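Engineer: Take this structure, written in structure tokens, and hold onto it; I'll ask about it next.
Now the structure itself:
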């Protein structure tokens, strides 16, 4: 408020969070003591009113002393040593290096740099693809929402029935909804990544062709999900990189689907260990993020709805199925975007390891620069 524009929202949140945590740690003993007093003294109706009143007044005196009088007293008296506050380092724009060979850990960190930079765009697209999925899931097929999707209220309940979002007898067009959503997400992520690499917009003449090429590759990913069996997670972990690299290579190199498919195999053959370790890490993160849909928090908010809106049990079941489906698919589409980013960034490492285009460009430029003992001449 005093110096607007000094900190970004993220820096201001970081600063306030650090100060808030210090305060919370400092009052932990007070919270525990208050719980003991409330649990063993003031809640017992048999305790004389004089005793209960004395405890309540003592708590009031403590609060006024510690949180009102003491801060004013310290402000007037001052401190023996100046208060040291954690300084926030200056914000530096983190750039993604597309011209070097990186480890799976480095690619993983760059995934979240890219995600943070384009979070608004990705979330908006994920919201749109979720709406498309919901429209196909509930406007086609047969049965009520609660009959189409089941959400067990238990630990890992949604994860245990995740296959129903890919193959569902009551919604025959569900694979189409998945394919359309993944294709739109992949196309937006891939095109944004290609623009980031080229530091400028890509010609808009190939929008339809590029989208169709990505859709063909995503059809391969949809076939993996369509297996929908106990071995599907292991199948995805082993070869999910193939359709993702296939789609990105076709868009980035503007090649046809057959050429791009061979290109994906050639790149993965150059560094399968990096590919496997990267997607293993991303799968672990995806597992943790997806469990947000399984958390008790979602059920808690649904219970709050029943406090405000009085619905019958059947109507509440239908509403819960719709809301939980929306939340689950939205989170799932955000996870898709993360996997597509990982595959797109992996493409550059595998290409550099196989063909070294950036290294060859630097070698060719050595003779073009005039220098004296390593220092460039004017």
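Numbering (the numbering used here), first residue to last: 683 to 1060.
Glycine included, each C-beta is placed from N, C-alpha and C at the ideal position.
All values derive from a computational prediction rather than experimental measurement.
One question on the structure: do residue 859 and residue 818 come within less than 9 Å of each other, judged by their Cβ atoms?
Structural biologist: Going by C-beta atoms, residue 859 is nearer than 9 Å to residue 818.
Engineer: Residues in its own chain within less than 6 Å of residue 924 by CB, not counting five upstream and five downstream?
Structural biologist: 946.
Engineer: With a threshold of 7 Å on Cβ separation, who are the neighbours of residue 623 within its own chain once the five nearest residues in sequence on each side are excluded?
Structural biologist: This structure cannot speak to residue 623, because the chain is shown only from 683 to 1060.
Engineer: Per the contact definition of three or more C-beta pairs closer than 8 Å, is the stretch 1003–1014 in contact with the stretch 947–958?
Structural biologist: Verdict: no, contact absent.
Engineer: Which full runs of the alpha helix (DSSP H) of 4+ residues lie inside the stretch 738–810, going along the chain?
Structural biologist: Runs found: 752–759 and 786–799.
Engineer: Given this structure, state the Cα-to-Cα distance separating residue 690 from residue 912, to the nearest angstrom.
Structural biologist: Roughly 46 Å separates the two Cα atoms.
Engineer: Any idea if residue 736 is buried or exposed, counting beta-carbon neighbours within 10 angstroms, 16 or more meaning buried?
Structural biologist: It counts as exposed.
Engineer: Which residue marks the beginning of the alpha helix (DSSP H) containing residue 693, and which one marks its end?
Structural biologist: From DSSP, the alpha helix (DSSP H) with residue 693 extends over 691–708.
Engineer: Between residue 699 and the rest of its own chain, which residues show a CB-CB distance below 6 Å, the 5 nearest in sequence each way excluded?
Structural biologist: Excluding positions up to five away in sequence, the list is empty.
Engineer: Using CA atoms only, rank isn't needed, just tell me which of 1038, 753 and 931 is closest to residue 1023.
Structural biologist: Residue 1023 has its Cα closest to that of 931, out of 1038, 753 and 931.
Engineer: Just checking my contact of residue 862 with residue 926 at CB under 8 Å: how many whole Å lie between their CB atoms?
Structural biologist: Wrong, their Cβ atoms sit about 17 Å apart, outside the cutoff.
Engineer: Using DSSP with H/G/I as helix, E/B as strand and the rest coil, what is residue 819?
Structural biologist: Note: residue 819 maps to helix in three-state DSSP.
Engineer: Roughly how many angstroms separate the alpha carbons of residue 839 and residue 1014, rounded to a whole number?
Structural biologist: Answer to the nearest angstrom: the Cα atoms are 15 Å apart.
Engineer: Are the beta-carbon atoms of residue 921 and residue 871 separated by less than 9 Å?
Structural biologist: Their beta carbons are not under 9 Å apart, which means residue 921 does not touch residue 871 by this criterion.
Engineer: Could you tell me the distance, in whole angstroms, from the CA atom of residue 683 to the CA atom of residue 996?
Structural biologist: Here residue 683 scores only 46 on pLDDT, less than 50, and its place in the model should not be relied on; the value that follows carries that caveat. Distance between the alpha carbons of residue 683 and residue 996 is about 49 Å.
Engineer: Just verifying my parser: in three-state terms, what is the DSSP assignment at residue 827?
Structural biologist: It is helical.
Engineer: Please confirm if the stretch 1025–1033 is in contact with the stretch 777–791, defined as three or more CB-CB distances below 8 Å between the two stretches.
Structural biologist: At 8 Å Cβ cutoff, the stretches touch.
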